[in-house]
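A quick write-up on the structure given underneath.
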Amino acid sequence: MSTIRLTMAQALVAALAAQKTVVGGRTLPLFAGVWAIFGHGNVAGLGEALHGARDILPTLRAHNEQAMAHSAIAFAKASRRRRMMAVTSSIGPGATNMVTAAAVAHVNRLPLLLLPGDVFAGRRPDPVLQQIEDFGDGTVSANDCFRPVSRYFDRITRPEQIIPAFARAMQVLTDPSECGPVTLALCQDVQTEAFDYPASFFAERIWQPRRTRPDEQELAQAVALLKGAKRPLIVAGGGTLYSEAEGELARFCLAHGIPSAETQAGKSALPHDHPLNLGAIGVTGTGAANDAAKHADVVLAVGTRLQDFTTGSRALFADPACRIIGLNTQVFDAGKHGAQPLVADAKTGLAELEAALAGWKAPAGWSAQVQASRDAWLETAARYTAMGNQALPSDAQVVGALQRQSRTSDVVLCAAGGLPGELHKLWQAGAPGGYHMEYGYSCMGYEIAGGLGAKLADPAREVFVMVGDGSYLMMNSEIATSVMLGVKLIIVVLDNRGFGCINRLQNATGGASFNNLLRDTRHETLPEIDFAAHAGSMGAISRKVAGLAELEAALAEARGHDRTSVIVIDTDPLISTDAGGHWWEVAVPEVSGRDEVKAARKRYDSALAARDN
């Protein structure tokens, strides 16, 4: 057997570089690069190995470990899980900074390879700098924090262990049903230890998505349910896009007259002008989609986790006889809510369903009813996004301004807070992937780093990042990274001086405005933050605009700029789109001295009774 003597770190890097995929007929590296911030736990081993491979496996540096991982996650999402990136940090705070991002990847079913440095396997210098010591367990390190947020976790304590560990990591990262973050914790002494690795470990391997076909019995049961439906509805989730099934979905809807609603992750699977696209569903859904869900008797859930924002905390599908068909690669998701499982790839599953349903269409009255509801919603939404001249525009009006300046190929990207709800309801998505939302984990700080990853994945598309002032203050350092790498973003900062979304939720549950808007916090003086000056100090082209007309002009100018632009606009923290939407279960105190809380509790109890009965 032919062998090559390398350090464990060198062997890992060589194996990473050997993994390939095919996209659009082109063979490409599966790993587009490695994000790295070096420290004593990875610089000597993995750092030296990455330097040696820098021409075939690019190393990128950012300013925050969590942000690096967010960029890698966004890259994988924008690449529809066909390509991915790895992220390495030192032992200690660098590693634990990445745990939040690991949870983002875990919830959203996205591939992310985490390579944190770890303790010395030999233990002779213990405790080393940044080492966590467990008084009762000598095998524990800070990296054990990754276990609950990793699909696969391994600690490499001998150099030869990387061979089976890497094989298992690749299985998880590329499997449609298991896909999620993998953590390989690399003991820092082992990174530098040599071993005679079999040459086969470095052989090129091409990974392509597995297209699982549905079981014949499950397919027959799903077909029978759909053929018996009088008011069928499709819920398109992120799995539709990851499977590249948007064409099959569009044809399926038209062939059978079935309307489709979209989750946050599934939005853009159908273009906004598709006649059977009812738009967003659930807590942040459109009136058209939620009305259809209320009356639906069969729901075909395609590639969705059916989480509470999608199902209105299990109250949205109001027909007691409603049946759900769970078309999903993952059995765990396919059977949720007592669904009839249809375990299959979305693209393959929809194609086989369409063939089996040949000649069948939903009742014409149902199709006409939902199309009329769709038209009515579009008129309603247009009123919320229309131009206005008030001093503090609403988030919806800012969305409208961006929409009017957008092109079909553009990407709008956002994450936590109130903006995702407004975008979910109101944004009119064009090409697939043009709506990029991290709302599975609703992670503040994802936005700018995520924009960086999305732009790296598809440099030809203009990426517009929408971010609130609260999230901007949590993580903005990758503006500097975007300038450094020449990766242009257009960032719109909506400044409502605090956490406006949670303030509105606080008020809706009877609470007084407290500790969310800056004016309602304990303070000696209120900060006057110049976001434009701050962004400019990191190399961005930046300006603050006085209203919607100036915003649109600035957006048009930014499209022509050669580097990242940041546009700041003040917005009203109290206004949100009150049309559409659905109840969401947020527990309200049973005992309170506030009349507002008591009233909110009564509303909560009534909503629970309506759902559970």
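Counted from 1, the sequence shown has number 1009 at position 147 by our numbering; the numbering is strictly sequential.
Where a beta carbon is used, it is the ideal one built from N, C-alpha and C, also for glycine.
Computed from a prediction, not measured in an experiment: that's the story for all the values here.
- For L1189, the uninterrupted beta strand (DSSP E) segment begins and ends at 1185-1190.
- Put simply, of Q1267, T1270, R1245 the residue whose alpha carbon is nearest the alpha carbon of A1258 is R1245.
- With contacts defined as CB atoms closer than 8 Å, W1239 and Q1265 fail to qualify as a contacting pair.
- Taking a cut-off of 8 Å on C-beta distances, the stretch 1157-1166 touches the stretch 1090-1100, as three or more cross pairs fall below it.
- Annotation: the continuous alpha helix (DSSP H) that includes L1285 extends over 1281-1288.
- Ranked by how close their Cα comes to the Cα of L1168, the residues Q1126, H1157, H1136, P1137 have Q1126 in first place.
- Sixteen is the threshold: when 16 or more other Cβ atoms of the shown chains lie within 10 Å of the Cβ of N904, as they do, the residue is buried.
- Exposure of N1475 is indicated by the presence of fewer than 16 other C-beta atoms within 10 angstroms of its C-beta.
- DSSP places F1361 outside both helix and strand once states are collapsed to three, so it counts as coil.
- The Cβ atoms of R1113 and W1228 do not sit closer than 8 Å to each other.
- The three-state reading of DSSP puts N1369 in helix, counting H, G and I together.
- Taking C-alpha positions only, E1106 is separated from A983 by approximately 43 Å.
- Listed in chain order, the non-local C-beta contacts of L922 below 6 Å within the same chain comprise G895, W897, local neighbours out to five positions each way being set aside.
- Burial state of P973 is buried, judged by a 10 Å Cβ sphere holding 16 or more other Cβ atoms.
- Taking the C-beta atoms as reference points, Q1267 is found no nearer than 8 Å to A1065.
- The beta-bridge partner set that DSSP reports for H1298 consists of L1275.
- Counting every other CB atom within 10 Å of its CB across the protein chains shown gives E1300 a total of 16 or more, marking it as buried.
- Here DSSP, grouped into helix, strand and coil, assigns A967 to helix.
- With contact defined as three or more Cβ pairs closer than 8 Å, the stretch 1348-1363 and the stretch 1324-1332 are in contact.
- Its Cα nearest to that of L1081, the residue G1211 stands out among V1002, I1143, G1211.
- In the DSSP annotation of this structure, the continuous segment of the beta strand (DSSP E) that includes Y1014 starts and ends at 1014-1018.
- When the Cα atoms are used, R945 and G1042 turn out to be separated by approximately 13 Å.
- P1182 sits exposed, since fewer than 16 C-beta atoms from the chains shown fall within 10 Å of its C-beta.
- Rounded to whole angstroms, the separation of the alpha carbons of I1310 and M1337 is 8 Å.
- Under the 8 Å Cβ criterion, the stretch 1453-1472 does not count as touching the stretch 1422-1431, having fewer than three qualifying pairs.
- An exposed status is given to D1237, since fewer than 16 other beta-carbon atoms sit within 10 Å of its beta-carbon.
- With respect to the C-alpha of Y1297, the residue from G1330, C1049, G1128 having the closest C-alpha is G1128.
- Per DSSP, reduced to three states, the secondary structure at Q993 is coil, with no helix or strand assignment.
- In the three-state DSSP reduction, R888 falls in the strand class (E or B).
- Distance from the CA of H932 to the CA of S1012, rounded to the nearest whole angstrom, comes to 15 Å.
- Just so you know, the alpha carbons of D988 and P891 end up roughly 38 Å apart.
- Here Q1070 is exposed: its Cβ has fewer than 16 other Cβ atoms, across all protein chains shown, within 10 Å.
- Around the CB of M1328, 16 or more other CB atoms lie within 10 Å, so the residue is classed as buried.
- Distance from the CA atom of D1434 to the CA atom of L1254, rounded to whole angstroms, is 5 Å.
- Judged by DSSP secondary structure, K1406 falls within the beta strand (DSSP E) whose first and last residues are 1403-1407.
- Residues L878, Q881, L919, M946, M947, A948 of the same chain have their beta carbon placed closer than 7 Å to that of F893, with the five preceding and five following residues left out of the count.
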